[in-house]
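So the structure is just underneath, and the comments pick up after that.
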Amino acid sequence: LRLILQTGSGAPGNRTPQYLKYEFIKMKNLIFAAKFPLINNFLLNLSKYNRLKIHNLFLENTVYDNSCSVLDVGTTADTHESNNILLQNTRNNKNISCLSDQDLGILKKKFPHVKNFYLGDGKKTNFPENSFDIIFSSAVIEHVGTFKDQIDFIKECIRIGKHQVFITTPNRYYPIDFHTRIPFLHWLPKKIHRFILKIIGFKFYSLEKNLNLLDRKTIIKIMESLNIQNYTILNHKFLYATSNLILIIKL
Numbered sequence: 005l006r007l008i009l010q011t012g013s014g015a016p017g018n019r020t021p022q023y024l025k026y027e028f029i030k031m032k033n034l035i036f037a038a039k040f041p042l043i044n045n046f047l048l049n050l051s052k053y054n055r056l057k058i059h060n061l062f063l064e065n066t067v068y069d070n071s072c073s074v075l076d077v078g079t080t081a082d083t084h085e086s087n088n089i090l091l092q093n094t095r096n097n098k099n100i101s102c103l104s105d106q107d108l109g110i111l112k113k114k115f116p117h118v119k120n121f122y123l124g125d126g127k128k129t130n131f132p133e134n135s136f137d138i139i140f141s142s143a144v145i146e147h148v149g150t151f152k153d154q155i156d157f158i159k160e161c162i163r164i165g166k167h168q169v170f171i172t173t174p175n176r177y178y179p180i181d182f183h184t185r186i187p188f189l190h191w192l193p194k195k196i197h198r199f200i201l202k203i204i205g206f207k208f209y210s211l212e213k214n215l216n217l218l219d220r221k222t223i224i225k226i227m228e229s230l231n232i233q234n235y236t237i238l239n240h241k242f243l244y245a246t247s248n249l250i251l252i253i254k255l
């Protein structure tokens, strides 16, 4: 793992920071899966179930139909069935596109209906205004960086969207942080939380650029800073507590 992070050994083509970032996440997940296979499978099944519920909320609360053009911002380069739920459930739509800072080549065979796979930064794209009917992004905004970066991310989604923006993010005040799988620690002030994560071996997630969890107040603050008024925040509950916050902006 240290060799991959330090030298980029095994990386195809240019060994970019983005490649190393996601290789690190994959390695951590593989290590956890090897140590705790039953727990890992249980968590993956829970994740899939939860994401399917959120996908149903997407269908219920947007203008989506099979003719809509949709941009999935932050698609993950992973073929496991618990990931990319949107792509799995829109196979009859030939107007789905994906944007990611990861190489999505691995997904082309599994999702042949996807119109375009774009490599880029969700905070600053090259798309013209109003390029897509719906902008969709699942569990990405907490990984884009600082509060200002999160503002820029939503601002860009609004710019390139035509009808709606649908953004989901884990609720900071859910009892478990599913990134580290540690309960309650993320409820501490962010500086203390990051300091402890670094000490106990979660240096990657201790960095704001890699994990910056949001709560309802933070999302409202972003909306106020962008002077956006026509929006809704849905509370998605899992095991009786709000696990995910869903921001829907009407354009």
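Residue numbers 5 to 255, in the numbering used here, belong to the letters of the sequence shown in order.
Where is the CB? At the ideal position from N, CA and C, for every residue including glycine.
Predicted model, so just to flag it, every value in this text is computed and none were measured.
Item                                                                                                                                      : Value
Is CYS72 helix, strand or coil when you go by DSSP?                                                                                       : coil
Assuming TYR262 contacts TRP191 under a Cβ cut-off of 8 angstroms, what Cβ separation, rounded to an integer in Å, is found between them? : With the chain covering 5 to 255 only, the question about residue 262 has no answer from this structure.
On the DSSP bridge assignment, give the partners of TYR235 in chain order.                                                                : ILE253
In whole angstroms, what separates the C-alpha of GLN92 from that of ILE58?                                                               : 13 angstroms
Report, in whole angstroms, the separation of the C-beta atoms of ILE162 and SER229, which I expect to be a contact under 8 angstroms.    : With a Cβ gap of about 12 angstroms, ILE162 and SER229 do not count as contacting.
Kindly indicate which three-state DSSP category GLN106 falls into: helix, strand or coil?                                                 : coil
Residue ranges of each beta strand (DSSP E) run of no fewer than 3 residues wholly in the segment 143 to 217, ordered along the chain?    : 165 to 174
Let's see if you can read the secondary structure: which residues bound the alpha helix (DSSP H) around LEU91?                            : 89 to 92
How many Å lie between GLY149 and GLU212 at the Cα?                                                                                       : 6 angstroms
What residues match up with LEU123 in a beta bridge as DSSP calls it?                                                                     : SER104
Alpha carbons only, please: which of GLU160, PHE242 and LYS202 is nearest the one belonging to PHE182?                                    : PHE242
Determine the extent of the alpha helix (DSSP H) in which SER229 is found, giving its start and end residues.                             : 220 to 229
Would you list the one or two residues that DSSP bridges to LYS57?                                                                        : Looking at the DSSP assignment, LYS57 forms no beta bridge with any residue, so it has no partner.
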